[in-house]
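Report on the structure given below.
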Amino acid sequence: MLHLPRSQPASPHVSDKAPDKDTSAVAHASDASGSTGSAQPQAAPATGSPTGSAEAAGAAATPPGRAGRRHAGRPTMKDVAARAGVGLKTVSRVVNGEAGVSSDTERRVREAITSLGFRRNDSARVLRKGTTASIGLVVEDLADPFYSPLSRAVEEVARAHGALLINGSSAEDPERERELALALCARRVDGLVIVPASDDHRYLAPEIAAGVATVFLDRPPGRIEADMVLSDSFEGARAGVAHLIAHGHRRIGFIGDKPGIHTAKERLRGYRTAMAEAGLPVAAPWVALGPTDAERVRADAARMLDGSGGAEPVTAFFSGNNRVTVTLVRVLAAPDRRERPVALVGFDDFELADLLSPPVTVIAQDPADLGRSAAELLFRRLDGADDAPRTVSRPTTLIARGSGEIPPAD
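Letter by letter, the sequence shown follows residues 3 to 412 in the working numbering.
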């Protein structure tokens, strides 16, 4: 994925596992053969210079870095027709799998296609049909372990529908999300799946009105009505905190993501609800929301563990996502923290969580299920469903492994 200056449109990443189809919009109609053609360079007129050589003239006319390259242009349907000794319509029928061609003629056409290396140009089909058989996916960060299986699941559904997946990362930046989404629309994708960073998606209203099916994933859209697929973050957090309370904890710290993120707010709400249901107070220093970088999480954890924020030290943590959990695991594994074990339940599972000591208790989402559900809902719209926008809620699962079952030290 390219990272362009903010003044230029973001360039999405094309999955290399999807069908090989050209998804870009074309600015002009193709010829009857289905190819946009290649303009052949014309020889420059002779200057009459008696001292100049042909080699020097050629070098002067050749752009830097292209010396010695010769391109005859991509083979067209006309070339295939000429090689096979048939008409254009016959080649078109074979290429598009239409009936009305004898087996012998089809064999000759396919042999010509193979020998010439012809590949169908889908640009003309895009112009005729108005669809590209491609969809776009915008997530927070493709490198995040949570989004890898999610993206793969969307891709698998797209492939099953003969579509190409183009994806990109918003980095939790509303402006970058907008750039990516509109860049994908400019490439004329048929639909979008978006994990939103923005809280205002009115910029997509013209695209949706123009027929771009759109599904929001993990978080709801802002200021528009649209399909969405969400995990039950509230109930998952509530169950995780209740689990810690059931094991004797009364002073539980919550460290989560930025407060403007929907899932962070829902998980904080679940934490507060579980504490209230147990009749437990929540001291202000026990709650910290913000960026999930390790430095910030370490500082908040140290403050809660030491009681330096003006409240009693916590005996357990509930973390708002897997990045926070990984940092907390490192904090609690430090030699100066081992004498006073602290319980931990994390929202989101992560690789090797079951192999740590102690293994980490988590509230697990199924990112592949989320991605699959969103993609299936998207293709349902692309297949013509026009009912009111749907909200699909997916459950979470408490996986008790050990860290969440540690009793309070005092």
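Idealized CB from N, CA, C, for every residue including glycine.
Here alanine 241 has Ile365 and Leu400 as same chain residues with Cβ atoms under 7 Å from its own Cβ, once five neighbours each way along the sequence are excluded. Apart from sequence neighbours up to five positions away, the residues of its chain that approach proline 77 with a beta-carbon distance below 7 Å are Leu118, Gly119 and Phe120, ordered along the chain. In this structure, isoleucine 254 lies near alanine 318, with their beta-carbon atoms less than 8 Å apart. Beta-bridge analysis with DSSP links aspartate 229 to Val217. One thing to note: lysine 260 has its Cβ within 8 Å of the Cβ of leucine 291.
Serine 405 has its alpha-carbon roughly 21 Å from the corresponding atom of proline 147. In the three-state DSSP reduction, alanine 355 falls in the helix class (H, G or I). Counting along the chain, isoleucine 263 sits inside no alpha helix (DSSP H), nor does DSSP assign it H or E at all. When DSSP assignments are scanned along the segment 95-162, the uninterrupted stretches of alpha helix (DSSP H) that are 4 or more residues long and fall wholly within it turn out to be 105-118, 125-131 and 149-162. In the three-state reduction of the DSSP assignment, threonine 363 falls in the strand class, which pools E and B.
Beyond the five residues adjoining it in sequence on each side, alanine 278 comes within less than 6 Å, by CB distance, of no other residue in the same chain. Taking a C-beta distance under 8 Å as the contact criterion, aspartate 229 and proline 391 qualify as a contact pair. In the DSSP assignment, valine 333 falls within the alpha helix (DSSP H) that extends over 324-335. By the C-beta density criterion, arginine 383 is buried, having at least 16 other C-beta atoms within 10 angstroms.
Closest in C-alpha terms to lysine 80, from the list Glu100, Ala387, Ala215 and Asn123, comes Asn123.
Between isoleucine 137 and valine 195 the beta-carbon gap is near 7 Å, inside 8 Å, which marks them as a contact. The segment 367-376 makes contact with the segment 156-169; the number of CB pairs closer than 8 Å reaches 3 or more. DSSP links valine 347 through a beta bridge to Phe320 and Thr363. Ranked by Cα distance from alanine 83, the options Gly102, Ser200, Thr107 and Ala101 are led by Thr107. When the five nearest sequence neighbours on each side are left out, no beta carbon in the same chain lies closer than 8 Å to the beta carbon of aspartate 389. Only buried fits asparagine 323, as 16 or more other CB atoms lie within 10 angstroms of its CB. Leucine 346 places its beta carbon 8 Å or farther from that of leucine 357.
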